[in-house]
Each structure stands twice: as C-alpha cells, then as structure tokens.
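Structure, as structure tokens:
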Amino acid sequence: MLIVLLYTVVVLFGLVIPCLIILYAVFEIRSGFLGAPYVPTTSAFVNEILKKAALKKGNFFMELGSGDGRVVRAAVKNYGVRGMGVELNPLLIIYASLLARLQGLREIKFKRENFFDTDLKKCDTLFLFLLPKTLIKLRPKIEKECKRCLVISHGFKIDGWDKYLMEKQNRKLFPTYFYEIASLRSQ
Ligand SMILES: C[S@@+](CC[C@H](N)C(=O)[O-])C[C@H]1O[C@@H](n2cnc3c(N)ncnc32)[C@H](O)[C@@H]1O
40 MLIVLLYTVV VLFGLVIPCL IILYAVFEIR SGFLGAPYVP TTSAFVNEIL KKAALKKGNF
100 FMELGSGDGR VVRAAVKNYG VRGMGVELNP LLIIYASLLA RLQGLREIKF KRENFFDTDL
160 KKCDTLFLFL LPKTLIKLRP KIEKECKRCL VISHGFKIDG WDKYLMEKQN RKLFPTYFYE
220 IASLRSQ
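All residue numbers for the sequence shown refer to this note's numbering, where the first residue is 40 and numbers rise by one.
Printed below as a string of structure tokens:
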C-alpha cells in the first residue's frame, strides 16, 4: 500500500505535473504570439463591467481569448445570456469547461480555436482583453461580421474607434472601453 502511494506521488510530481507545466508554457508562448498571453481580468472588475454592459436575456455573448472563462461565465450566470468562449490554449478550455459544469451553466460553450477564424456574425456582445496590436488586427473582422454589437475592450482602447466610444470605465490599471458597432456602421 505504501509503495503504491509512493509510486503515485513520484509519478504525479515527477512526471505528470512537470509535463503539464511544460505543455502550458508552450501553449502560452503560442498564445502570446497569436494574440495575447493569459492575464485574467481582475474578478472585482467583472461584475462592474457586465453591469455597465446592460446585457439582455437570451443575447449571444462572446469572449475572444476566454482564459478561464470568468467573464462569459459571469455573463451567463447573472444575466441569462447565451455564451461562448474562444480560446487557443486547450488546458484553459478544459479548465473553463470544468468550472462552467461545476456552476451548472448550460447555455455556454467553450471552443478551442484561433479567434481570427471565429464566426462573429451572431454575437450581440463581444468581450476582449487583448493587446493593442491584436485589437487593431481584429478591427476589420469585427466591422465586417458584426451587424449590431457592443464591443467591450478591457485594458486597451481600440485605435481608430474613438468617435464610436460610448463609455469608458476609468481605472488606474486596465480601464474598460465600450463601443457600439451599430453607430459605427451608420457613419
Ligand atoms: C489577456 S488574456 C484574457 C483572458 C480572459 N478573457 C479574461 O479576461 O480573464 C488573453 C487570452 O487570449 C488567448 N488568446 C490569445 N491569442 C488568441 C487567439 N489568436 N485565439 C484564441 N485565443 C487567444 C490567450 O491564450 C489568453 O487566454
């Protein structure tokens, strides 16, 4: 019995955990190159941001680069929206899906995909916490695919969209910007 326990501990700490850490690091480096590294939105800001977004029940909420899915999970749980998180890192997809299941959230899906390939046509609200250079690359895709959409960019403003800015939540670190795409189209 003691030998089995010892063997399990050795395999877990000597093999499984180091492998997971290496895998995670590899996925993170890839994410960093393709969009942004994983830095979660501070939990205390999530409700503040969602409250300002005035989400409507049944709307479709997407989080591009969803990490542990904390924003889309809170939106589904507290506002009754349908949610989707798109994320490159498969370990984060597994973790976010597990948390959603533990919370009993049904109207939520996590998809492992490069968000530059994601179909945005049906989304009503888009949440982004990405690097400025990635936001610039995403801008034409959002303009093309989103007919009427609230785009929430946490952390960084989207260059070129200043005149379509509806609201800004000021914070010392990581303000949040709210953009309305319908007004963008009518210009
Ligand atoms: C700054 S984190 C934000 C995480 C989460 N949205 C939050 O606010 O807590 C950015 C996330 O985007 C993911 N990511 C970066 N580039 C991506 C891409 N091209 N496609 C999908 N996910 C990407 C990263 O793996 C990371 O989890």
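A virtual CB, placed ideally from N, CA and C, is assigned to each residue, including glycine.
CA-to-CA, the gap between residue 101 and residue 46 works out to about 44 Å. Contact annotation: residue 190 and residue 165 have beta-carbon atoms nearer than 8 Å. In the three-state scheme derived from DSSP, where H, G and I count as helix and E and B as strand, residue 120 is classed as coil. Scanning its chain for C-beta atoms nearer than 8 Å, with the 5 sequence neighbours on each side dropped, one finds around residue 220 the residues 181, 182, 185, 186, 187, 188, 189, 190, 203, in chain order. Between residue 154 and residue 104 a beta carbon distance of about 6 Å is seen, short of the 8 Å cut, so the two are scored as contacting. The beta strand (DSSP E) runs lying completely inside the stretch 127-184 and spanning 3 residues or more are 147-151, 164-167, given in chain order. Distances from the CB of residue 136 to the heavy atoms of ligand 1 are all 7 Å or more. Judged by the Cβ position, residue 195 fails to qualify as a neighbour of ligand 1 at the 7 Å threshold, every heavy atom of the ligand being at least this far. The shortest C-alpha to C-alpha distance from residue 126 to any of 75, 57, 195, 179 is the one to 75. Going by DSSP, residue 207 is part of the beta strand (DSSP E) stretching over 204-208.
Residue 90 places its beta carbon 8 Å or farther from that of residue 120.
A residue is called buried once 16 or more other Cβ atoms fall within 10 Å of its Cβ, and residue 128 is buried on that count. Judged by the Cβ position, residue 80 qualifies as a neighbour of ligand 1 at the 7 Å threshold, a heavy atom of the ligand being closer than this. For residue 77, the secondary structure class from DSSP, reduced to helix, strand or coil, is coil. Residue 111 holds the alpha-carbon nearest to the alpha-carbon of residue 150 among 111, 65, 54. In the three-state DSSP reduction, residue 191 falls in the strand class (E or B).
A heavy atom of ligand 1 is found nearer than 7 Å to the CB of residue 77.
Excluding its 5 nearest sequence neighbours in each direction, residue 171 has C-beta neighbours in its own chain below 6 Å: 195, listed in chain order.
Counting the other Cβ atoms within 10 Å of the Cβ of residue 88 gives 16 or more, which makes it buried.
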